[in-house]
Amino acid sequence: MNFKVVKFKHVVLGLFFFVAVTETLAQTGIGTQSPDESAVLDVSSTTKGVLIPRLALTSTTSPAPLSANVAGMIVYNTATAGTAPENVTPGFYYNDGSAWVRVADVSSQDMRFVGTNNHITKDAGIGSNGTDAGTGNNNIFIGQNTGTVDADWSNRILIGQDAGQDAQANGLIAIGQSAGEKLGSGMDVDTSPGLYIGHFAGSTTFNDQGPSHNTIIGQSAGRMGVFENSIMLGDSAGYNADGHDNILIGKGAGKSTTGDNNIVIGNGTEVAPAPGLSINQLNIGNWIYGDDGVIGIGTTAPKSRLDVNGYVKLGSEDLKSTSGSDADREGMIRYGPNKTFQYHNDTDWVTMASTTDADITKDAWVDDPANDMVKLGTLSDGITARTAGTEFVAKDDGRVGIGTSNPVWELDVRGSRAIGQFKRITSGATNTSAGFLFTRARGMIGSEADIQAGDFLGKLLFRGRTGGADVDYATMAFVAKSTTAEDGRYAFFTGGAAFEDSELMTILSPSGNVGINKVNPLNKLVVKGEDNPPTSGVVSEGTNATLRVDGSGHNLDFGTYSISPWGGGIFNRMVMEVLLACLWC
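In case it helps, mature numbering (1 follows the signal peptide of the UniProt record, and there is no 0) puts the sequence shown at residues -26 to -1, 1 to 559.
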């Protein structure tokens, strides 16, 4: 009896001592006699662990099986229960005072590291450094202040400082500082989906229907715009643009564009200004435009479906697709084989000619193997080849031939008929303008010089076929007297050589003197006889006689003057008088 009382006293005394020591040290060590002074409980073991209470939770929102939520409580849940997103699965959970929160494990992490030495820098991660990511699902935010506050937007990928901040968009992809920032903000409409890449790309973009389905790439591309269903590529492309269904490519392309369905390509290119909206325009480098269904090349104001200000080159390659039909090509024009222009009549390619089906040109252009001329080589049907020597040819060196494919002169006409006819019709009044004009200058084309004395101002050359060759027979010309005087002489030559010793007849202007075999006649009519008269014998008529007709008041003399190089005398004169007397008999 006394033993039991003593033992109880010992137990009570021991407990009192333990409590006193505990209160004094304020640390409890299990498995260690030196608990960490910063810990209330220090459990130490190298072979065993701490077994956390195991229980079955029902959901993250219910404290059960606890009677109430207690902040800091930690348990190991053994149950799979509840309905998503409040469901629980086996694992560690802690209580935050209002709900159970799962302690993440490797199998449930949203982010995994692959390889070694991988890390996420400061201010990165879901929640964006404390910014409320809203109540949406399936979002990935990386960067300071990324994402939207107090909004239920989902399926977004936002990377970069302020990317997608306060943007109203589902399915938004914004990469770059402030990319997609405030996209559609304040419109209370769904702006999804869209791709915005670049510093301030698509930032503060609006549309009363929501700036949806846009692809915006480039610094400030699409910034401050009001648009949808558009593609903008390039620094500031589509900046402050207003419209939909636009394609803007290039630095500053389509900047401040107002209109729909436009295609703008090139740095700094814009749609052509138009009253109201500019629609259906095509602009490539500020040279190709289209407005209301018309396209201009080399003009900003096209007047037809295709308005080309400049040259057009056509090819001959037939690009008919295997799935197409001849009817698909009706009305097409091409530069076809053998240098012919052709059009398609829904059945075949037809050479353009003056036929019922093709009244465009009188002849078809035919092939020139030497590639040095333009030649019309068919009859008016555009098919039948011309016989040799009937073609029309314009050579690259500026010579034109009719009836010959090898013109020798600037204009070379050959054929069996007269060269042509010149016919002038006037109103009845006297008309002294030139019907056929010869103009002569020295120098070169583009650098002309004055004529000189003796120059032929115009020349007609007559040839005949003799001995198998074309031979010069005679020439008519007007020969300038001097450089300054507007006069000269009409000269007729034998042969084609322009030598005075072959000149048969000369008419001087303005004096009107006529010389036969005399270059400078001093009288109205001077006939020069044979240059080399006989030195002896009887002179016969027509051998060396000179015919001279003086003006009024003079006689008609036959013979020579006493100062003539052949001598003077009455002999020839008497002979002529006898002859005349016989004629009068």
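Glycine residues also receive a C-beta, built at the ideal position from the N, C-alpha and C atoms. Computed from a predicted structure; not experimentally measured.
Alpha-carbon to alpha-carbon, G138 and L280
To locate residue 280, count along the sequence shown from 1; it is residue 306. To locate residue 138, count along the sequence shown from 1; it is residue 164. Rounded to the nearest angstrom, the two C-alpha atoms are 44 Å apart.
Measure the Cβ-Cβ separation of F396 and G377 and say whether it is below 8 Å.
Mapped onto the sequence shown, residue 396 falls at position 422. Mapped onto the sequence shown, residue 377 falls at position 403. It is not a contact, given that the beta carbons lie outside the stated cut-off.
Nearest to D70 by alpha carbon, out of T52, T63, P64, V44?
Looking up residue 70 in the sequence shown gives position 96. If we check each option's Cα against that of D70, V44 comes out closest.
Three-state secondary structure (DSSP) at R130?
As a first step, residue 130 is located in the sequence shown; it is residue number 156 there, counting from the start. Three-state DSSP puts R130 in coil, outside helix and strand.
Per the DSSP calculation, E304 is bridged to which residue(s)?
Position 330 of the sequence shown holds residue 304. DSSP output for E304 lists no bridge partner at all.
Under DSSP, the beta strand (DSSP E) around I419 begins and ends at which residues?
Taking the sequence shown and counting its residues from 1, the one referred to as residue 419 is at position 445. Counting along the chain, I419 falls outside any beta strand (DSSP E), and DSSP gives it neither H nor E.
If we call anything under 8 Å between Cβ atoms a contact, is A415 one with A427?
Working through the sequence shown from its first residue, we reach residue 415 at position 441. Working through the sequence shown from its first residue, we reach residue 427 at position 453. No.
Any beta strand (DSSP E) of 3 or more consecutive residues that is wholly inside the segment 430 to 496
430 to 440, 443 to 454, 462 to 468, 477 to 483, 488 to 490
What do you get for E365, buried or exposed, if any count of 16 or more other CB atoms within 10 angstroms of its CB means buried?
The residue given as residue 365 occupies position 391 in the sequence shown. Buried, by the Cβ-count rule.
Please list, in chain order, all residues of the same chain as G131 whose beta carbon is under 7 Å from its beta carbon, the five residues on each side excluded.
Taking the first residue of the sequence shown as 1, we reach residue 131 at position 157. The sequence shown places Ile at residue 131, rather than the Gly named in the question. Hits under 7 Å: I114, I147.
Please classify K492 as buried or exposed, where buried requires at least 16 neighbouring CB atoms within 10 angstroms.
If you number the sequence shown from 1, residue 492 lands on position 518. K492 is buried by the Cβ-count criterion.
Give the range of the beta strand (DSSP E) segment to which D216 is assigned.
Position 242 of the sequence shown, counted from the first residue, corresponds to residue 216. Where D216 is concerned, the enclosing beta strand (DSSP E) stretches over 216 to 218.
Length of the line joining the Cα atoms of N236 and K156:
Numbered from 1 along the sequence shown, position 262 holds the residue referred to as residue 236. Numbered from 1 along the sequence shown, position 182 holds the residue referred to as residue 156. Distance between the alpha carbons of N236 and K156: 26 Å.
For L169, which of helix, strand or coil comes out of DSSP?
For the purposes of this step, residue 169 is taken as residue 195 along the sequence shown, with counting starting at 1. Strand at L169.
Could you have a look at M347 and say whether DSSP puts it in helix, strand or coil?
Counting from one through the sequence shown, the residue named residue 347 turns up at place 373. DSSP places M347 in strand when its eight states are reduced to three.
Out of G372, R398, I399, which one is the CA nearest neighbour of D386?
By 1-based counting over the sequence shown, the position of residue 386 is 412. The residue with the shortest Cα to Cα distance from D386 is G372.
Which term fits residue 571, buried or exposed, when burial requires 16 or more other beta carbons within 10 angstroms of its beta carbon?
Any answer about residue 571 is impossible in this case: the structure gives the chain only from -26 up to 559.
Please determine whether the Cβ atom of N220 lies at a distance below 7 Å from any heavy atom of the ligand PLP.
Because no ligand of any kind appears in the structure shown, any question about the ligand PLP cannot be addressed here.
Would you please state the rounded distance, in angstroms, between the beta carbons of D219 and N203? I believe it to be under 8 Å.
Locating residue 219 in the sequence shown gives position 245, where the first residue counts as 1. Locating residue 203 in the sequence shown gives position 229, where the first residue counts as 1. Sure, about 5 Å apart at Cβ, within 8 Å.
Helix, strand or coil for T232 per DSSP?
The sequence position of residue 232 within the sequence shown is 258, counting from 1. Strand.
Where G145 and V238 are concerned, what is the direct C-alpha to C-alpha distance, given to the nearest angstrom?
Within the sequence shown, numbered from 1, the residue matching residue 145 stands at position 171. Within the sequence shown, numbered from 1, the residue matching residue 238 stands at position 264. Answer to the nearest angstrom: the Cα atoms are 27 Å apart.
For my contact list, R308 and Q316 are in at a C-beta cut-off of 8 Å; report their separation, rounded to the angstrom.
Here residue 308 refers to the residue found at position 334 when the sequence shown is read from its first residue. Here residue 316 refers to the residue found at position 342 when the sequence shown is read from its first residue. With 8 Å as the limit, R308 and Q316 qualify as a contact, their Cβ atoms being about 6 Å apart.
Using 8 Å for Cβ pairs, my map puts G259 next to G272. What's the rounded Cβ distance?
For the purposes of this step, residue 259 is identified with residue 285 of the sequence shown, where counting begins at 1. For the purposes of this step, residue 272 is identified with residue 298 of the sequence shown, where counting begins at 1. About 12 Å; that fails the 8 Å criterion.
On the three-state DSSP scale, how would you describe K369?
As a position in the sequence shown, residue 369 is number 395, starting the count at 1. It is a strand residue.
What separation, rounded to the nearest whole angstrom, lies between the Cα atoms of A448 and A465?
Along the sequence shown, read from residue 1 onward, the residue named residue 448 stands at position 474. Along the sequence shown, read from residue 1 onward, the residue named residue 465 stands at position 491. Approximately 11 Å, taken between the alpha carbons.
Relative to the alpha-carbon of K433, which residue among T440, G441, F412 has its alpha-carbon at the smallest distance?
For the purposes of this step, residue 433 is taken as residue 459 along the sequence shown, with counting starting at 1. Residue F412 is the option with its Cα nearest to K433.
Could you have a look at M198 and say whether DSSP puts it in helix, strand or coil?
Reading the sequence shown from its first residue, position 224 is the one you call residue 198. The answer is coil: DSSP assigns M198 none of H, G, I, E or B.
Buried versus exposed, by CB contacts within 10 Å (16 or more), D331:
One-based indexing of the sequence shown puts residue 331 at position 357. Below a pLDDT of 50, predicted positions are generally treated as unreliable, and D331, at 43, falls in that range; no measurement from the model is reported.
What residues in its chain sit with their C-beta under 6 Å from that of V367, if we drop five residues either side in the sequence?
By one-based count along the sequence shown, residue 367 stands at place 393. Here the set comprises M347, K349, G375, S379.
Which residue or residues does DSSP assign as beta-bridge partners of H318?
As a first step, residue 318 must be located in the sequence shown, where it is residue number 344. Bridge partners of H318: W323.
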